[in-house]
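Below you'll find the structure, written out as structure tokens, and then a few comments.
Protein chains: 2
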Amino acid sequence: MEDLVNLESKLTLLAAPYSPGIVGYLNDYKILVVKVRGEFVWHKHEDTDDFFLVLRGRLTIQLRDRDVVLNEGELFVVPRGVEHCPKADEETHVLLIEPRGTLNTGDAGGQLTVAEREI
Amino acid sequence: MEDLVNLESKLTLLAAPYSPGIVGYLNDYKILVVKVRGEFVWHKHEDTDDFFLVLRGRLTIQLRDRDVVLNEGELFVVPRGVEHCPKADEETHVLLIEPRGTLNTGDAGGQLTVAEREI
């Protein structure tokens, strides 16, 4: 991976929604970009917070007691252990930061689980 | 601090360059915004990488062997132990992520060192 990362260029390498690509590392954390469209799956991460920054579009992070709606340039950190389910009506570009090894589907698993990959 | 963070709104709260404000946390990391203008100070962080994402403007991260020039939407992680010195010709807005307790001036100290503060 090159060390200077242009996020929009990296996003052009992603075809499917909810299939994140690693673009860098910060100590033992991975930095990812992902395209979001439609609804993901309800899940939680027992061991880590979960960082979302919207680069383009609009992301709704559904929590059990409310919806958090993020527009471009807005970020939200889902606290560890809190169930959440991202969704977007139109294609939305998101920057994620999580500890290496964090599963995208957390405790839920299932068909939307993907392996870590660098792009 | 509210949990949904609009980065540009937070940046309006910053008056001086090189005086970052904490806008959130990710586990034991702090998430900060900072205005950059002019040249900072050469320094390094022996214990951590250093995350920079340009939100607006143009940031030059001087390394001892090259300059890394970041435009809006571009990120760079300075590896731990690597000397660097940020600069910008015009006001530039940057998102930073570092472990809590990381000094902004690293090993250099001096007049540009600022205390951690939430905004």
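These protein sequence lines map, in sequence, to chains S and U.
For the record, in the first sequence the residue sitting at position 77 is 672 according to the numbering used here, with numbers rising by one throughout.
For the record, in the second sequence the residue sitting at position 105 is 700 according to the numbering used here, with numbers rising by one throughout.
We put the CB at the ideal spot given by N, CA and C, even for glycine.
Short Cβ contact (8 angstroms threshold) for U:Ala703 with U:His638
Yes, these two residues count as a Cβ contact at 8 angstroms.
According to DSSP, simplified to helix, strand and coil, what is U:Lys639?
coil
Within 8 angstroms, do at least three Cβ pairs link the region 622–642 of chain S to the region 671–683 of chain S?
yes
Three-state secondary structure (DSSP) at U:Leu621?
Here DSSP, grouped into helix, strand and coil, assigns U:Leu621 to strand.
Going by beta carbon distance, what residues of the same chain come within less than 6 angstroms of S:Ile626, once the five residues before and after it are set aside?
Val618, Gly619 and Ile692
For S:Asn666, count the other beta carbons within 10 Å of its own beta carbon; 16 or more makes it buried, fewer makes it exposed. Which is it?
Of the other Cβ atoms in all chains shown, fewer than 16 fall within 10 Å of the Cβ of S:Asn666; this residue is therefore exposed.
Cβ pair U:Val628, U:Thr687 closer than 8 angstroms:
no
Whose Cβ in chain S lies nearer than 8 angstroms to the Cβ of U:Glu641?
Here the premise fails: no neighbours, minimum Cβ distance about 13 angstroms.
Bridge-paired residues (DSSP) for U:Leu658
U:His679
According to DSSP, is U:Glu603 helix, strand or coil?
helix
In chain U, which residues lie with their C-beta within 8 angstroms of the C-beta of S:Asp644?
Within 8 angstroms of the CB of S:Asp644, the CB atoms of chain U belong to Tyr620, Leu621 and Asn622, in sequence order along the chain.
Determine, for S:Asn601, whether the minimum Cβ-Cβ distance to residues of chain U falls below 8 angstroms.
yes
Among S:Val689, S:Asp645, S:Asn601 and S:Thr607, which residue has its Cα nearest to the Cα of S:Leu698?
S:Asp645
Are the CB atoms of U:Glu669 and S:Val689 nearer to each other than 8 angstroms?
no
Below 8 angstroms CB to CB, which residues in the same chain sit around S:Glu685 once its five sequence neighbours on both sides are set aside?
The beta carbon of S:Glu685 lies closer than 8 angstroms to those of Arg632, Gly652 and Arg653 in the same chain, with the five residues before and after it left out.
Give me, in chain order, the residues of the same chain whose beta-carbon lies closer than 6 angstroms to that of U:Val672; leave out the 5 immediate sequence neighbours on both sides.
Asp644 and Phe646
To the nearest angstrom, how far is the alpha carbon of U:Leu648 from that of S:Asp660?
Whole-angstrom Cα-Cα distance: 32 angstroms.
Whole-angstrom distance between S:Ala610 and U:Gly705, CA atom to CA atom:
48 angstroms
Tell me which residues share the same chain as U:Leu658 and place their Cβ nearer than 6 angstroms to its Cβ, disregarding the 5 neighbours each side in the sequence.
His679
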